[in-house]
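Visitor: Handing you this structure, nothing more for now.
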Amino acid sequence: MDQQQFDSELQTYFLHIKHEIKQEHIEYLKKHPELNQILNDFTSQIILEKPDNVYQYAKEYFSFFNQEKDLKTCKPLVISGASGVGKGTLLQMLFKQYPQQFVFSVSYTTRAPRPGEVHGQHYYFVSKEEFQKEIEKKAFLEYSEVHGNYYGTHLAQVQKVMKQGQVCVIEIDVQGAEKISKSMPNQCNYIFINAPSVEELRKRLTGRGTETEEVIEKRMKNAQKEIEKAHQLGFYNELLNDDLQKTFKKLIDLLKTFYVDLKL
Ligand code: ADP
Ligand code: 5GP
Numbered sequence: 003m004d005q006q007q008f009d010s011e012l013q014t015y016f017l018h019i020k021h022e023i024k025q026e027h028i029e030y031l032k033k034h035p036e037l038n039q040i041l042n043d044f045t046s047q048i049i050l051e052k053p054d055n056v057y058q059y060a061k062e063y064f065s066f067f068n069q070e071k072d073l074k075t076c077k078p079l080v081i082s083g084a085s086g087v088g089k090g091t092l093l094q095m096l097f098k099q100y101p102q103q104f105v106f107s108v109s110y111t112t113r114a115p116r117p118g119e120v121h122g123q124h125y126y127f128v129s130k131e132e133f134q135k136e137i138e139k140k141a142f143l144e145y146s147e148v149h150g151n152y153y154g155t156h157l158a159q160v161q162k163v164m165k166q167g168q169v170c171v172i173e174i175d176v177q178g179a180e181k182i183s184k185s186m187p188n189q190c191n192y193i194f195i196n197a198p199s200v201e202e203l204r205k206r207l208t209g210r211g212t213e214t215e216e217v218i219e220k221r222m223k224n225a226q227k228e229i230e231k232a233h234q235l236g237f238y239n240e241l242l243n244d245d246l247q248k249t250f251k252k253l254i255d256l257l258k259t260f261y262v263d264l265k266l
């Protein structure tokens, strides 16, 4: 065999090996779809939080996998109830009392911020186009149109909190809760907050002073539908928010039964 022949055979051999290796890689990726999921979740989360130190963030993010064996994931807590019933007030009290155990899932919304609402804390306030992009990326665990605006729960956020062994609190409407109950059957705890009467609900919504008369009317119309739908769904634990302090105590008592390991 002369040099030229040798080089040519070597070339063919390398091409063959390269092809085989490529095939092997493809086979591996096919066998492990979770790899794509892990990388997509990581990318979504990092885009959401935009940390300055990406290396440090990645180190902390992936460290969850090291603890996987002794990790106790907590079921997310889904809270619903008509607008103005007191969900936000009760949740603020909960986060104040148990800042380590419960983490709020910050939804995306296309509605405008109210005075005092902070982007990234109360909601991620985005345009309809940005919301659409997240839908296309399949970034939402669920999303719904509520009172004429879009709202969505970010999947990567919920997964991150669960991996940390904390309770992810998802405050969403009943349509959203129904979608979650179908995509994650028996994997969440559900609470529906009720007001003592329709008049009291209107009083609270008006008293909060954040909505126009037109928006209040729209939310009051939806309230009755939401209550009926919640009853139909049948998976909610109901809590009547009459006296705030007493209701908070009832809420904690209920959470103690849901999350025995947290020792609340
Ligand atoms: P939601 O988050 O369900 O829309 P909020 O927590 O914003 O409702 O409560 C609406 C208004 O009702 C607020 O002004 C809040 O202070 C008031 N509120 C909440 N719970 C009670 C209660 N048990 N009794 C009287 N007012 C309440
Ligand atoms: P608000 O505009 O008063 O903050 O919220 C209006 C309604 O949208 C409330 O019933 C709230 O629970 C619901 N909501 C907030 N975030 C989400 C979400 O991510 N998904 C769904 N389906 N509903 C949400």
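Using this note's numbering, the letters of the sequence shown correspond one by one to residues 3 to 266.
All C-beta atoms, glycine included, are put in the ideal place defined by N, C-alpha and C.
All values derive from a computational prediction rather than experimental measurement.
So is G122 buried or exposed if we call it buried at 16+ other beta carbons inside 10 Å?
Guide: The residue is exposed, with fewer than 16 neighbouring Cβ atoms inside 10 Å.
Visitor: How would you write the range of the beta strand (DSSP E) that H233 sits in, first residue to last?
Guide: Careful: H233 lies outside any beta strand (DSSP E), inside the alpha helix (DSSP H) at 215-235.
Visitor: Between the segment 184-199 and the segment 237-255, do at least 3 Cβ pairs fall closer than 8 angstroms?
Guide: These segments touch.
Visitor: With a threshold of 16 other CB atoms inside 10 Å of the CB of K24, please say whether the residue is buried or exposed.
Guide: Answer is exposed; the Cβ neighbour count stays below 16.
Visitor: Tell me, which residues are paired with H121 by DSSP?
Guide: Looking at the DSSP assignment, H121 forms a beta bridge with Y125.
Visitor: What's the gap between the Cα of F44 and the Cα of D9?
Guide: Taking the straight line from one Cα to the other gives about 45 angstroms.
Visitor: Leaving out the 5 sequence neighbours to the left and right, which residues in its chain are closer than 6 angstroms to Q177 when beta-carbon positions are compared?
Guide: Excluding residues within five positions, the ones whose Cβ falls inside 6 angstroms are S146.
Visitor: Per DSSP, what are the beta-bridge partners of G83 in this structure?
Guide: Answer is I195, bridged to G83.
Visitor: Taking the straight line between their C-alpha atoms, what separation do you get for I172 and Q166?
Guide: Between I172 and Q166, the C-alpha separation is close to 16 angstroms.
Visitor: On the DSSP letters alone, give me the boundaries of the alpha helix (DSSP H) that H21 sits inside.
Guide: Segment 5-33, the alpha helix (DSSP H) holding H21.
Visitor: Would you check if there are 3 or more beta carbon pairs closer than 8 angstroms linking the segment 207-223 to the segment 75-92?
Guide: The segment 207-223 is in contact with the segment 75-92.
Visitor: What does the Cβ neighbour count give for P78, buried or exposed, with the cut at 16 atoms within 10 Å?
Guide: Looking at its Cβ environment, which holds 16 or more other Cβ atoms inside 10 Å, P78 is buried.
Visitor: Quick one, which of Y126, L242, Y30 has its alpha-carbon nearest N196's?
Guide: The candidate whose alpha carbon is nearest that of N196 is L242.
Visitor: State the CB to CB distance for the pair E144 and T155, rounded to an integer number of angstroms; the pair is presumed to be in contact (CB under 8 angstroms).
Guide: Between T155 and E144 the Cβ distance is about 5 angstroms, and since that is below 8 angstroms, they are a contact.
Visitor: Please confirm whether any heavy atom of the ligand 5GP lies closer than 8 angstroms to the CB of G83.
Guide: Indeed, a heavy atom of the ligand 5GP lies less than 8 angstroms from the Cβ.
Visitor: Using a Cβ-based criterion (distance less than 8 angstroms to any ligand heavy atom), does S109 qualify as near the ligand 5GP?
Guide: Yes - the ligand 5GP has a heavy atom lying nearer than 8 angstroms to the Cβ of S109.
Visitor: Quick one: any contact between the segment 107-116 and the segment 88-97, if contact means 3 or more CB pairs under 8 angstroms?
Guide: No: the two stretches stay apart, fewer than three of their Cβ pairs being nearer than 8 angstroms.
Visitor: I'd like to know whether the C-beta atoms of D268 and P198 end up nearer to each other than 9 angstroms.
Guide: Because residue 268 is not part of the residues shown, which for the chain are 3 to 266, the question remains open.
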